[in-house]
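Heads up: the sequence shown begins at 51 in this note's numbering, then just goes up one per residue.
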Amino acid sequence: APAAQYRKAVRLTAQVSSIVATWGRIKAGQGPVDPDPVLGFAANFLYQLTGNRPSATAVRAFDVALILHADHELNASTFAARVAAATLTDLYSAVVAAIGALKGPLHGGANADVMRLLLELGETATPDRIEGAVRAKFARKEKIPGFGHRVYHTEDPRATHLRQMSKELGQKAGQPHWFQMSQQIEALVKAEKKLNPNVDFYSASTYYTLGIPIDLYTPIFAVSRMSGWTAHVLEQY
Numbered sequence: 051a052p053a054a055q056y057r058k059a060v061r062l063t064a065q066v067s068s069i070v071a072t073w074g075r076i077k078a079g080q081g082p083v084d085p086d087p088v089l090g091f092a093a094n095f096l097y098q099l100t101g102n103r104p105s106a107t108a109v110r111a112f113d114v115a116l117i118l119h120a121d122h123e124l125n126a127s128t129f130a131a132r133v134a135a136a137t138l139t140d141l142y143s144a145v146v147a148a149i150g151a152l153k154g155p156l157h158g159g160a161n162a163d164v165m166r167l168l169l170e171l172g173e174t175a176t177p178d179r180i181e182g183a184v185r186a187k188f189a190r191k192e193k194i195p196g197f198g199h200r201v202y203h204t205e206d207p208r209a210t211h212l213r214q215m216s217k218e219l220g221q222k223a224g225q226p227h228w229f230q231m232s233q234q235i236e237a238l239v240k241a242e243k244k245l246n247p248n249v250d251f252y253s254a255s256t257y258y259t260l261g262i263p264i265d266l267y268t269p270i271f272a273v274s275r276m277s278g279w280t281a282h283v284l285e286q287y
């Protein structure tokens, strides 16, 4: 029945968030933190991950990121979920199909690569070092992660919001360098390659400033997209 399917979708959205946050805690050698029913969805994830009650700025930034990642045309994982649902398999199996597609490096993982690039450059990197490193990648014909999109040929509208969130969060957290480095890389790639940033580019520094470890970046896509995937599956049914 539609009402039962809806309840399953709500439970999956809540439970996957708790699973990913708790996995992050255990990987860091810490114990699980129970969710607080007083907190909202975004706040609870950060609370269960860090053990600390997040600031209003952090909650707003993560909430915006979750909303922007929740649904986005017929991307690979959403398409996989709908194909599975079209066979009238159960909701859980359709979600597993989506997660399988997200696990592939050509779908998930780009924002983790962006943050690895920023960390490789180092938080004390000078503008000259950043420019030299990016130009060296151009010369080797290496892709700069977080740029270009199969659908958006102007700026990814989601990047517009995350750019602002990255800036505000970096300033309040006393870590403005990640945003400043990202801005310089964006300007260089735009000028040389005529490519615009996508949603992954500024979500990288946003997540890092929130204290989210890099190996959780792709699982967080599942946390945010669970609402989108299940909505698509219910629509398919």
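For each residue, glycine too, the CB sits at the ideal point set by N, CA and C. In this text, all values refer to a predicted model and were calculated from it rather than measured experimentally.
{"Check": "Distance between beta carbons of L168 and A183, contact taken as under 8 Å", "Outcome": "At roughly 11 Å, the Cβ-Cβ gap does not stay under 8 Å, so A183 and L168 are not in contact."}
{"Check": "Nearest-angstrom Cα separation, counted from N125 out to V283", "Outcome": "14 Å"}
{"Check": "Segments of 4+ residues assigned as alpha helix (DSSP H) that fall wholly inside the region 176-257", "Outcome": "177-189, 207-222, 227-243"}
{"Check": "CB contact flag (F188, F251, <9 Å)", "Outcome": "no"}
{"Check": "Helix, strand or coil at L156 according to DSSP, with G and I counted as helix", "Outcome": "coil"}
{"Check": "Local conformation of L124 per DSSP, three classes", "Outcome": "strand"}
{"Check": "6 Å Cβ shell around S216 - same chain, five flanking residues per side excluded", "Outcome": "F229, Y252, S255, T256"}
{"Check": "Assigned secondary structure, G74 (DSSP; H/G/I helix, E/B strand, else coil)", "Outcome": "helix"}
{"Check": "Straight-line gap, I180 to I235 (C-alpha atoms, nearest Å)", "Outcome": "7 Å"}
{"Check": "Simplified DSSP state of N102, which is helix, strand or coil", "Outcome": "coil"}
{"Check": "Contacts around D84, its chain only, beta-carbon distance under 7 Å, and the 5 residues preceding and following it disregarded", "Outcome": "none"}
{"Check": "Opening and closing residue of the alpha helix (DSSP H) in which G79 lies", "Outcome": "Note, G79: premise wrong, no alpha helix (DSSP H); not H, not E."}
{"Check": "Closest residue to W73 among Y142, D265, V88, Q225 (Cα-Cα distance)", "Outcome": "D265"}
{"Check": "Exposure label - A54; buried when at least 16 CB within 10 Å", "Outcome": "exposed"}
{"Check": "Same chain, Cβ closer than 6 Å to V239, five either side skipped, listed in chain order", "Outcome": "I194, F197, L245"}
{"Check": "Under 9 Å between C-beta atoms of L89 and H211", "Outcome": "no"}
{"Check": "Pairwise C-alpha distance: M276 and K58", "Outcome": "11 Å"}
{"Check": "Three-state secondary structure assigned by DSSP to V83", "Outcome": "coil"}
{"Check": "Start-to-end residues for the alpha helix (DSSP H) that takes in P263", "Outcome": "Note, P263: premise wrong, no alpha helix (DSSP H); not H, not E."}
{"Check": "Proximity of A148 and A130 at Cβ, strictly below 9 Å", "Outcome": "yes"}
{"Check": "Cα-Cα separation, R166 to P52", "Outcome": "43 Å"}
{"Check": "Short Cβ contact (9 Å threshold) for S67 with V273", "Outcome": "yes"}
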